[in-house]
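Taking it in order: structure first as structure tokens, then the write-up.
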Amino acid sequence: MAVRLDVDTVRGIVDPPVFRGAEELLGSGMVGEISTVGGGCAAVVLDGGERRSAWVGVTDGTLATECDCEPEDAEELCVHVVAVALSAIQADFAWSSAATSPKAAVVDSRVRRLAEIAAELPLRRLAMLVAEHAVGDRRLEAKLLTHTGRIDQPTAVGATSCCDAPEKPESLLGREPA
1 MAVRLDVDTV RGIVDPPVFR GAEELLGSGM VGEISTVGGG CAAVVLDGGE RRSAWVGVTD
61 GTLATECDCE PEDAEELCVH VVAVALSAIQ ADFAWSSAAT SPKAAVVDSR VRRLAEIAAE
121 LPLRRLAMLV AEHAVGDRRL EAKLLTHTGR IDQPTAVGAT SCCDAPEKPE SLLGREPA
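Residue numbering for the sequence shown follows our numbering, beginning at 1 and increasing consecutively.
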């Protein structure tokens with residue numbers, strides 16, 4: 001069943017400074033392309049040079065959220081999930097009443113084991129390992145681009161390092177500057 005979520009509803013459930021911050025992120029083009037995930041929506045948000053992955057859904061009539069940031073108050077919605085919600089509302093996103101958060105998804109034990117091992121690697125080494133395999137595997141490349149909000153950004157010809165990635169905020173979100 002579809003549910004309706006509007007700007008006034010979101011405004012009513014968050015602190016005014018969080019709402020204003022989310023509007024600023026959205027207005028300055030820092031929210032990446034919205035994608036459907038588990039009946040909710042997800043996007044990458046660029047905030048102060050940091051890339052944040054946020055998910056928003058509706059479960060049993062309640063707004064459910066996930067973000068990889070560490071909010072000051074765990075009971076409050078962070079600016080990133082609010083920005084994603086506002087972006088989805090602008091895009092007339094079709095909200096499901098039974099969204100399932102990405103963390104609630106069942107993960108294969110082999111995947112979980114390998115994720116735990118990968119978490120032990122230094123970030124740059126892990127990035128290079130993924131990039132080296134994505135170059136030879138179009139499905140992995142597509143997943144990498146999707147999960148980072150860059151699906152519409154073509155892979156640069158001749159890029160040999162994660163350091164070859166563009167540094168401008170607009171390009172980090174898979175967009176050209178306006």
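Every residue gets a Cβ at the ideal spot worked out from N, C-alpha and C, and that includes glycine.
Report the option in 126, 93 and 28 whose CA atom is closest to the CA atom of residue 58. 93
Roughly how many angstroms separate the alpha carbons of residue 77 and residue 102, rounded to a whole number? 17 Å
With which residues is residue 86 paired in a DSSP beta bridge? Residue 86 is not bridged to any residue.
Let me confirm a value: residue 60 is counted as buried when at least 16 other C-beta atoms fall within 10 Å, else exposed. Which label applies? exposed
When DSSP labels each residue in this structure, what does residue 141 get in the three-state scheme? helix
Buried or exposed for residue 84, please, with buried defined as at least 16 other CB atoms from any protein chain shown within 10 angstroms of its CB. buried
Rounded to whole angstroms, how far is the Cβ of residue 108 from the Cβ of residue 80, which I believe are closer than 8 Å? Wrong, their Cβ atoms sit about 28 Å apart, outside the cutoff.
Can you list, in chain order, the residues of its chain with a C-beta nearer than 7 Å to that of residue 126? Leave out the 5 residues immediately preceding and following it. 118
Just to confirm, are residue 136 and residue 32 a CB contact at a threshold of 8 Å? no
Near residue 19, which residues of its chain fall below 8 Å by C-beta distance, leaving aside the five closest residues on each side in sequence? 10, 11 and 82
What residue from 69, 15 and 38 has the CA that sits closest to residue 45's CA? 69
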